[in-house]
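S.K.: Position 219 of the sequence shown, counted from 1, bears residue number 223 in our numbering, the numbering being contiguous throughout.
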Amino acid sequence: MLSHEVQSNREAKHAGIQFIELPQQWDEIETAPGTYASEFATIANQVYPALDTAIVLSLNPIDTNALRVPKHLRESTWESDERIKAFCDWVDWTLAQLPDASIQAIAVGNEVDGWFAQHPDELAGYKAFFDAVARHIHTKHPNIPVGVKVTFGGRTGKLASEFDKLESSADACMLTYYPLDETFQVRPPSSIEADFVKMIEVASGKPIHLLEAGYPSGAACGSSLDQQAEFIDVIFVAWDKHVEAFPVINFVWICDMSKAKVSAMTRYYGVELPAFAEYLGTLGLQTHDGKPKPAWNRVRENVAKRAR
Numbered sequence: 005m006l007s008h009e010v011q012s013n014r015e016a017k018h019a020g021i022q023f024i025e026l027p028q029q030w031d032e033i034e035t036a037p038g039t040y041a042s043e044f045a046t047i048a049n050q051v052y053p054a055l056d057t058a059i060v061l062s063l064n065p066i067d068t069n070a071l072r073v074p075k076h077l078r079e080s081t082w083e084s085d086e087r088i089k090a091f092c093d094w095v096d097w098t099l100a101q102l103p104d105a106s107i108q109a110i111a112v113g114n115e116v117d118g119w120f121a122q123h124p125d126e127l128a129g130y131k132a133f134f135d136a137v138a139r140h141i142h143t144k145h146p147n148i149p150v151g152v153k154v155t156f157g158g159r160t161g162k163l164a165s166e167f168d169k170l171e172s173s174a175d176a177c178m179l180t181y182y183p184l185d186e187t188f189q190v191r192p193p194s195s196i197e198a199d200f201v202k203m204i205e206v207a208s209g210k211p212i213h214l215l216e217a218g219y220p221s222g223a224a225c226g227s228s229l230d231q232q233a234e235f236i237d238v239i240f241v242a243w244d245k246h247v248e249a250f251p252v253i254n255f256v257w258i259c260d261m262s263k264a265k266v267s268a269m270t271r272y273y274g275v276e277l278p279a280f281a282e283y284l285g286t287l288g289l290q291t292h293d294g295k296p297k298p299a300w301n302r303v304r305e306n307v308a309k310r311a312r
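1. Cα-Cα, which of Ser262, Gln231 and Val201 is closest to Ala299?
2. For Lys309, which three-state DSSP category applies?
3. How close, in whole Å, do the beta carbons of Ala45 and His76 come, if the pair is a contact with beta carbons under 8 Å?
4. In angstroms with no decimal places, state the Cα-to-Cα distance between Ser228 and Ile59.
5. Starting from Leu179, trace the alpha helix (DSSP H) both ways and give me its first and last residue.
6. Alpha carbon to alpha carbon, what distance is there between Ala311 and Gly274?
7. Below 7 Å between beta carbons: does that hold for Lys153 and Glu115?
8. Relative to the C-alpha of Gln29, which candidate in Val112, Glu79, Lys263 and Phe120 has its C-alpha closest?
9. Considering only residues of the same chain and omitting the five flanking positions on each side of Asn301, which have a CB-CB separation below 7 Å?
10. From this set, Pro27, Val51 and Pro53, which residue's C-alpha is nearest Arg72's C-alpha?
11. According to DSSP, is Ser12 helix, strand or coil?
12. In angstroms with no decimal places, state the Cα-to-Cα distance between Gln11 and Glu79.
13. In this structure, does DSSP put Ile21 in helix, strand or coil?
14. On the premise that Phe250 lies in contact with Leu214, defined as a C-beta separation below 8 Å, what is that separation, rounded to the nearest angstrom?
15. Comparing C-alpha positions only, which one of Ala224, Tyr130, Phe23 and Thr291 sits nearest to Ile66?
16. Counting along the chain, where does the alpha helix (DSSP H) carrying Ala138 start and finish?
17. What would DSSP say about Ile47, mapped onto helix, strand or coil?
18. Between Ala299 and the ligand NAP, is there a pair consisting of the residue's CB and a ligand heavy atom that are separated by less than 6 Å?
19. Any contact between the segment 286-294 and the segment 189-206? By contact I mean 3 or more CB pairs, one from each, below 8 Å.
20. Using CA coordinates, which residue listed in Ala164, Ala217, Glu186 and Ser173 is at the minimum distance from Glu25?
21. How long is the line joining the alpha carbons of Ala174 and Arg159, rounded to whole angstroms?
22. With respect to the beta strand (DSSP E) encompassing Val152, which residues constitute its N-terminal and C-terminal limits?
23. May I have the straight-line CA-CA distance separating Pro211 from Asp244, to the nearest angstrom?
24. Suppose contacts are defined by Cβ-Cβ distances below 7 Å. Is Gly226 in contact with Glu282 by that definition?
25. What residues are listed by DSSP as bridge partners for Phe255?
26. So is Tyr272 buried or exposed if we call it buried at 16+ other beta carbons inside 10 Å?
27. Quick check on this structure: which residue in Val206, Ser165, Ser208 and Glu234 has the alpha carbon closest to the alpha carbon of Ser195?
28. Considering only C-alpha positions, which residue in the set Gly209, Asp104, Thr187 and Asp85 is nearest to Ala224?
29. Leaving aside the five residues before and after Asn306 along the sequence, list all residues of the same chain whose C-beta is less than 8 Å from its C-beta, in chain order.
30. Which of the three DSSP states, helix, strand or coil, is assigned to Glu171?
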């Protein structure tokens, strides 16, 4: 498994990719108060510096619609000293496992709008939590940008003003972007330019880190291999036009997920729509066994064109 991962990342590096995202779920890592275990951070410290590839850390007390706070802290509130200190201690431990790595940014939570759509009363507390965590990271690592990952739909939806407040102490507007409707049907690639303009509007002058950008190729999502490839072309054109606002874009993923992984992810998210499984299973730029889709070739071609 590790050798396949290394090979995939070597291919990605050859295609022009400069960073990867390393997601870490808080409750998986801190198994008891102050007790941590994560082999992935150690592996990342060995692999990515050797590939001259930076890391975006996604340290998640929330992962989309799932709370990832360790059990021993579930009775505390977001703004409590106990929860804030515990998270900051975990941040320090994680960074200590990556002494050789280049940390491009830290996201405190992944697509947190999934949780707050059901728990909007917790947003004020999470802002206090994030403000304290950001201050802690800035004190020790002033050159690492800190933010919170939110979906494009959530950041521009009915809680947009609350996310404006949440991001007031963030260094960047960190977004994920999958042009889909609520039934996981793709929107046309022609919508990308307007979406980029909307992102710039809500970011209010902050740099936009598009930490996940993807487009499924599956027919159940109303898509195709050609349409996924068109998405790549159009997003590069939009990026050219707005490059100063978008310092980084991360295309998700290199390879399609296995059927077993897709099944596990649909159970995790609790979404049973067939199109959702198709969306998860066909986001890759290559098939699960590593055969390039047209979209992978388009990434390579677009990077090569701009490297001249």
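For every residue, glycine included, the Cβ atom is placed at its ideal position computed from N, Cα and C. No experiment lies behind these values; they were computed from the predicted model shown.
M.R.: Let me lay it out:
1. Gln231
2. helix
3. Contact doesn't hold; Cβ gap of about 21 Å is too wide.
4. Computed Cα separation, rounded: 31 Å.
5. First-last for Leu179: Cys177 to Tyr181, but that is the beta strand (DSSP E), not the alpha helix (DSSP H).
6. 42 Å
7. yes
8. Minimum Cα distance to Gln29 is reached at Val112.
9. none
10. Among Pro27, Val51 and Pro53, the Cα nearest to that of Arg72 is on Pro27.
11. Reliability fails at Ser12, whose pLDDT of 49 lies under 50, so the model's placement of it is uncertain and no value is given.
12. Residue placement at Gln11 cannot be trusted, given a pLDDT of 44 that sits under 50; the coordinates are not used to answer.
13. coil
14. 6 Å
15. Tyr130
16. Leu127 to Lys144
17. helix
18. As presented, the structure is devoid of all ligands, the ligand NAP included, so that no description of it is given.
19. no
20. Ala217
21. 14 Å
22. Unbroken run through Val152: none, as it is neither H nor E.
23. 15 Å
24. no
25. Ala217
26. exposed
27. Glu234
28. Thr187
29. Ile236, Asp237 and Phe240
30. helix
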